[in-house]
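For what it's worth, the numbering used here labels the leading residue of the sequence shown as 1070, then goes sequentially. The structure appears right after this line, and notes come after that.
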Amino acid sequence: MSSAVEGAPAVLARVPSGMHINGEWVAALDGEEFETLDPATGRVIARVPRARAGDVARAVAAAREAFDGGRWGESVSARDRARILHRMSDLVRERRDELVEIEILDCGKPLADARGDIDEVAFMFEYYAGWATKIAGDIPPVGTDALSLVVREPVGVCGLIVPWNYPMLMAAQKVAPALATGCTVVLKPAEQTPLTALCMAAIAEEAGLPAGVLNVVTGFGVEAGEPMLTDERVDKISFTGSLAVGRHIQRTCADQLKRVTLELGGKSPNIIFGDAPLDDAIVGSAAGIFGNQGEVCSAGSRIFVHSSVYDRVLEGMVAEAGAIRLGSGLDESTTMGPLVSARQRDRVMAYVDGAPADGARHVFSGAMPESDEFADGFFVAPSVFEVPDHSPAIAREEIFGPVATVLRFDEVEEVVRLANQTEYGLAAAIWTRDINLALNTARRVRAGVVWINDSQPAPSESLWGGYKQSGVGRELGPYALDAYLETKQIYVNLGG
Ligand code: ADP
1070 MSSAVEGAPA VLARVPSGMH INGEWVAALD GEEFETLDPA TGRVIARVPR
1120 ARAGDVARAV AAAREAFDGG RWGESVSARD RARILHRMSD LVRERRDELV
1170 EIEILDCGKP LADARGDIDE VAFMFEYYAG WATKIAGDIP PVGTDALSLV
1220 VREPVGVCGL IVPWNYPMLM AAQKVAPALA TGCTVVLKPA EQTPLTALCM
1270 AAIAEEAGLP AGVLNVVTGF GVEAGEPMLT DERVDKISFT GSLAVGRHIQ
1320 RTCADQLKRV TLELGGKSPN IIFGDAPLDD AIVGSAAGIF GNQGEVCSAG
1370 SRIFVHSSVY DRVLEGMVAE AGAIRLGSGL DESTTMGPLV SARQRDRVMA
1420 YVDGAPADGA RHVFSGAMPE SDEFADGFFV APSVFEVPDH SPAIAREEIF
1470 GPVATVLRFD EVEEVVRLAN QTEYGLAAAI WTRDINLALN TARRVRAGVV
1520 WINDSQPAPS ESLWGGYKQS GVGRELGPYA LDAYLETKQI YVNLGG
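Here it is, written out as structure tokens:
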């Protein structure tokens, strides 16, 4: 049995039917389902359970019981946890091609991007498998007649709520460190893209993860995400998504002082100085805003260009946008897929259509796919706008679509001020051959991630997370482990 509807692409037969609670594949208590669409064609491809409070409560109970009953966490040795995570990584690699195809059918991204995502998912499980056996405590010196042991313990039951732009990767980014530390999990994928999270649960089951350790509930934010925020049996919420929902989560979780990690939006500056390696800067800046259809929290959407190279960069950005080929992500020649949903397309188009009256100059708009096959798909052509300052909404607000704004600057002081003129602080890119200028600017930009002569790499071994309203806490690398661990002191009186 699978979630796929009749006539759907064959690979979807690999998606299990039902959601995963306590080691079983189950329907929603009331039997309700919702549809997921292929954004390239607008066609329904699968139906999954529509979880509500009662279903979420079952999943939370299973995760609680798995944690308290010793099916994971401290009762299972770190070696055994590592072994299972390694096996999950191997299974992701074995199923790479089908996971890539399922991800594309669910969220629309092109093959190269989807392959990159799934490869990183496999690496993520491998990387955190390594950490499982290396989480150690400390013995601070406290005097001669006592021993103070500082130990790290899993925080407990984690509610992991993820978005639709990198569905399996964002899930792995939270699930892998949570499992490595010994936490148990209720994972809620975004309602637009539930399929690869279900595949992840199937992989975990096959890898030998005990029942109840990784539960997946499919459903909508308010119906299936919200109940986790108020359930006292949930110790921790880790969320990636919009600023508005992030604020709501922080506020709601404050009632029980739940641990919270938030990865929110961005309006990242991309600064091209006059001495930048220009060809690289143009290609990299274009990829930084048009990659993954611009549906990227760290997208370099605000492109600041020094006056001395402004015309060349603008021309280059237009050429890059013009070379983009829209179509189905499954087609090797496609370089930009559809947006995830009709709603997201309409949101982005409202920004594009409203921008000229708001003071932005629409310099270029790319070509839409020609084939009738895609007439009902959620495509948005890449756009380049010139803006005089931050007054147009497209220069200030997160769009989450392929919309670049280009702004001219003359002085370093001016561009640093402009770069920081935002409520967000997720990422920034700086293009220059002058190492002092690069590092000085990197230090002054208020962002959690700064790229020099590059844009968007996010190696899993390093760090991710935002300053200001881009988030709370850090993910990736060893830093993610802190989000899933409590720290305890055990004091031993040796003096009698
Ligand atoms: P977007 O606007 O890009 O769809 P959201 O922040 O709304 O992003 O969604 C990201 C994730 O948060 C999704 O899994 C969504 O279902 C979930 N979500 C949305 N609203 C809530 C809520 N009130 N409580 C918990 N989760 C939510």
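Glycine included, every Cβ here is placed at the ideal spot set by N, Cα and C.
Since residue i and residue j should fall inside the 8 Å C-beta cutoff, what is the C-beta to C-beta distance between them, to a whole number of angstroms?
i       : j       : result
Thr1202 : Ala1273 : The Cβ separation is near 19 Å, so there is no contact.
Ser1531 : Gly1546 : 5 Å
Tyr1560 : Ser1217 : 5 Å
Lys1243 : Ser1307 : 5 Å
Gly1357 : Gly1369 : 3 Å
Arg1381 : Leu1347 : 6 Å
Pro1232 : Thr1265 : About 13 Å separates the two Cβ atoms, so there is no contact after all.
Gly1334 : Leu1312 : 5 Å
Gly1087 : Ala1079 : The pair is not a contact, with the Cβ atoms about 20 Å apart (cut-off 8 Å).
Val1282 : Val1226 : Not confirmed; about 10 Å, so no contact.
Ile1208 : Gly1310 : 40 Å between Cβ atoms; not a contact.
Leu1131 : Gly1398 : Reading off the sequence shown, one finds Ala at residue 1131, where the question assumed Leu. Actually they are not in contact, since the Cβ atoms of Ala1131 and Gly1398 sit about 34 Å apart, beyond 8 Å.
Ile1153 : Leu1278 : 5 Å
Val1260 : Ala1120 : For the sequence presented, residue 1260 should be read as Glu rather than Val. Contact doesn't hold; Cβ gap of about 10 Å is too wide.
Phe1469 : Gly1363 : 7 Å
Rounding to the nearest angstrom, what Cα-Cα distance links residue i and residue j in this structure?
i       : j       : result
Ile1351 : Arg1515 : 23 Å
Val1074 : Leu1395 : 26 Å
Ser1144 : Val1541 : 30 Å
Arg1140 : Gly1251 : 10 Å
Pro1108 : Thr1403 : 14 Å
Glu1455 : Ser1376 : 13 Å
His1089 : Glu1101 : 15 Å
Phe1433 : Gly1391 : 8 Å
Pro1246 : Val1472 : 34 Å
Trp1533 : Leu1563 : 42 Å
Asp1099 : Ala1411 : 28 Å
Glu1544 : Ala1497 : 17 Å
Gly1076 : Asp1137 : 44 Å
Ser1529 : Met1239 : 11 Å
Pro1438 : Thr1105 : 22 Å
Ser1452 : Glu1301 : 46 Å
Trp1520 : Phe1478 : 19 Å
Val1161 : Val1117 : 22 Å
Met1070 : Tyr1536 : 45 Å
Lys1327 : Tyr1493 : 24 Å
Ala1122 : Asp1458 : 46 Å
Glu1085 : His1155 : As written in the sequence, residue 1085 is Pro, which differs from the Glu given in the question. Roughly 22 Å separates the two Cα atoms.
Ala1135 : Tyr1379 : 58 Å
Arg1486 : Arg1502 : 21 Å
Thr1510 : Gly1353 : 18 Å
Glu1170 : Gly1435 : 26 Å
Val1387 : Leu1408 : 20 Å
Asp1441 : Arg1320 : 46 Å
Asp1422 : Arg1430 : 11 Å
Closer than 7 Å: is that where the CB of residue i sits relative to any heavy atom of the ligand ADP?
i       : result
Pro1232 : yes
Gly1540 : no
Leu1298 : yes
Ser1370 : no
Ser1307 : no
Ala1259 : yes
Gly1290 : yes
Glu1172 : no
Gly1294 : yes
Ser1578 : Since the first residue of the chain shown is 1070 and the last is 1565, residue 1578 is not available in this structure.
Gly1310 : yes
His1317 : yes
Val1314 : yes
Examine chain D for any beta-carbon lying closer than 8 Å to the beta-carbon of residue i, and answer yes or no.
i       : result
Ala1249 : The displayed structure is made up of one protein chain only, and chain D is not part of it.
What are the uninterrupted segments assigned as beta strand (DSSP E) that are 3 or more residues long and contained completely in the region 1363 to 1393, given in chain order?
1371 to 1375
Mind listing, in chain order, the continuous alpha helix (DSSP H) runs of no fewer than 4 residues lying wholly within the region 1404 to 1482?
1411 to 1423, 1462 to 1465
What are the complete beta strand (DSSP E) segments, minimum 3 residues, inside the region 1193 to 1220?
No beta strand (DSSP E) of 3 residues or more sits fully in the region 1193 to 1220.
Ordered list of alpha helix (DSSP H) runs contained in the region 1117 to 1182, each at least 4 residues
1122 to 1137, 1147 to 1163, 1165 to 1176
For the region 1243 to 1278, which segments carrying the alpha helix (DSSP H) assignment without a break, of at least 4 residues, lie completely within its bounds, in sequence order?
With a minimum length of 4 residues, the continuous alpha helix (DSSP H) runs that stay inside the region 1243 to 1278 are 1264 to 1276.
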